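Inspection log for the structure reproduced underneath, given as structure tokens.
Residue numbers (this note's numbering): 1067 to 1177.
Structural data, given as structure tokens:
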């Protein structure tokens, strides 16, 4: 399954741990978790109780004093392990700059 998902991605993902607060838009249910990887277009959220595939969400990602909040959708679920999140295309410029800095730092660590 991971190889199939990797083939459909259009942006490189990097191992990156961030605090994640996920809010399901329909129920307003919140969960606190962490990411295990990050890309320009989404992330993987480690959680034992993932939301349903297709759920519209808001996700707040935090590292230190920096955080971003973006809208997205749960693209796939690994029961008992986590969920893949696809960010909406509309990320505000300030949040996008923070995201790009995080990705640049992650890429340097792998080099």
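The beta-carbon is built from N, C-alpha and C at its ideal position, and this holds for glycine as well.
In this text the structure is predicted, and so the values were computed from the model without any measurement.
Please tell me whether residue i and residue j are closer than 8 Å, where the distance is taken between their beta carbons.
i	j	result
residue 1169	residue 1157	no
residue 1132	residue 1126	no
residue 1107	residue 1077	yes
residue 1102	residue 1112	yes
residue 1083	residue 1100	yes
residue 1080	residue 1176	yes
residue 1154	residue 1138	yes
residue 1115	residue 1091	no
Helix, strand or coil: which one does DSSP assign to residue i?
i	result
residue 1162	helix
residue 1132	strand
residue 1177	coil
residue 1155	coil
Taking the beta strand (DSSP E) that residue i belongs to, which residues open and close that run?
i	result
residue 1123	1122-1129
residue 1102	1096-1104
residue 1089	1085-1090
Which one or two residues does DSSP pair with residue i in a beta bridge?
i	result
residue 1112	1100 and 1148
Q. Taking one C-beta from the stretch 1110-1120 and one from the stretch 1142-1162 each time, how about it: are there three or more such pairs within less than 8 Å?
A. yes
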